[in-house]
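Numbering (the numbering used here), first residue to last: 72 to 379.
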């Protein structure tokens with residue numbers, strides 16, 4: 072019965088695993104920025120970004136409660152099982168999102184707050200309420216919301232949008248389709264039953280695995296951008312090349328696998344999670360270890376994209 076909820080039910084509504092990825096990529100964006108907010112502002116920004124990501128998750132579950140109820144992967148979520156009512160979720164999502172944007176504006180700047188608000192609205196209104204139910208390209212276009220946290224992190228430190236976070240945006244944007252389609256390949260019946268036009272439902276397995284392979288190639292190229300434009304060093308470049316090669320290898324095997332082989336899609340899905348974490352961790356470590364020539368030039372006033 073709705074109303075008999077626990078704190079863990081509301082935590083589950085915020086999609087903590089998705090939230091943790093958003094916070095981590097935002098932290099990387101903040102850490103590589105040429106400016107640094109003080110510690111209280113940094114902590115407030117991290118909490119605000121986490122709350123904003125959580126609010127997006129809550130509002131996603133509020134709107135998608137009907138879909139979640141008929142999919143085996145999501146049927147045990149708090150709203151479908153009746154632990155939390157849709158109204159309670161709606162109120163929580165709106166309050167959490169509003170507080171997140173307000174705190175970020177007060178702790179850092181209006182640019183970062185506007186980006187966070189735009190991210191929440193894009194995920195809830197554009198992706199959840201519109202694209203997810205109408206087009207097989209839902210995850211491609213909707214992936215922009217998940218790619219914005221490093222831009223928000225950078226803006227919270229600098230007050231501007233630079234070339235560096237846009238490169239990170241592109242990496243996550245291109246990573247999202249192969250990551251999600253690898254999951255969707257083994258959940259085709261679920262999505263078909265819920266009436267969600269995911270690519271495997273609409274176009275079939277063969278077309279989906281081809282698209283995964285194409286996006287994996289684009290991702291491998293985009294992953295080298297931080298090294299190519301000079302704000303990451305050779306350590307990052309080498310790790311990105313290795314990760315990109317493995318991603319392509321797994322995507323190629325998936326493309327050649329038979330329809331009954333579920334393991335190839337699962338292997339790619341699992342690796343894709345580790346891939347993004349390793350890539351961003353390598354960027355953070357490489358940047359901390361030795362400032363790149365790009366950053367040194369920025370500090371000398373030769374190049375400064377944050378003020379362009």
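Yeah, the Cβ is synthetic: ideal placement off N, Cα and C, and Gly gets one too.
Going by DSSP, residue 282 is part of the alpha helix (DSSP H) stretching over 276-293. By the criterion of a C-beta distance shorter than 6 Å, residue 280 is surrounded in its chain by 325, 326, once the five residues flanking it on both sides are discounted. Note that the C-beta distance between residue 339 and residue 311 is not below 8 Å.
For residue 101, the enclosing alpha helix (DSSP H) starts and ends at 87-102. Approximately 20 Å separates the beta-carbon atoms of residue 291 and residue 254; this is outside 8 Å, ruling out the contact. Short of 8 Å from the beta carbon of residue 229, and not among the five residues preceding or following it, lie these beta carbons of its own chain, in chain order: 104, 105, 106, 377. For residue 269, the three-state secondary structure derived from DSSP is coil.
Shown here, residue 106 sits in coil according to DSSP, grouped into three states, outside any helix or strand.
Counted as a single uninterrupted DSSP element, the alpha helix (DSSP H) harbouring residue 324 occupies residues 305-327. Between residue 133 and residue 157, the C-beta spacing is below 8 Å.
DSSP places residue 257 in no alpha helix (DSSP H); its state is neither H nor E. In this structure, the CA atom of residue 186 is about 43 Å from the CA atom of residue 331.
Secondary structure of residue 337 (DSSP, three-state): helix. Annotated as distal: residue 251 and residue 219, with beta-carbon spacing of 8 Å or more. Contact annotation: residue 183 and residue 226 have beta-carbon atoms nearer than 8 Å. In the three-state reduction of the DSSP assignment, residue 180 falls in the coil class, being assigned neither a helical nor a strand state. Counting C-beta atoms within 10 angstroms of its own C-beta, residue 345 has fewer than 16 neighbours from the protein chains shown and is therefore classed as exposed. Annotated as distal: residue 90 and residue 146, with beta-carbon spacing of 8 Å or more. Residue 96 places its beta carbon less than 8 Å from that of residue 221. Going by DSSP, residue 135 is part of no alpha helix (DSSP H) at all; its letter is neither H nor E. Taking C-beta atoms as the reference points, residue 270 and residue 282 count as a pair closer than 8 Å. An exposed status is given to residue 137, since fewer than 16 other beta-carbon atoms sit within 10 Å of its beta-carbon.
Of the residues 126, 176, 140, the one whose Cα lies closest to the Cα of residue 161 is 126.
Here residue 355 is actually not in contact with residue 195; their C-beta atoms are around 29 Å apart, not less than 8 Å.
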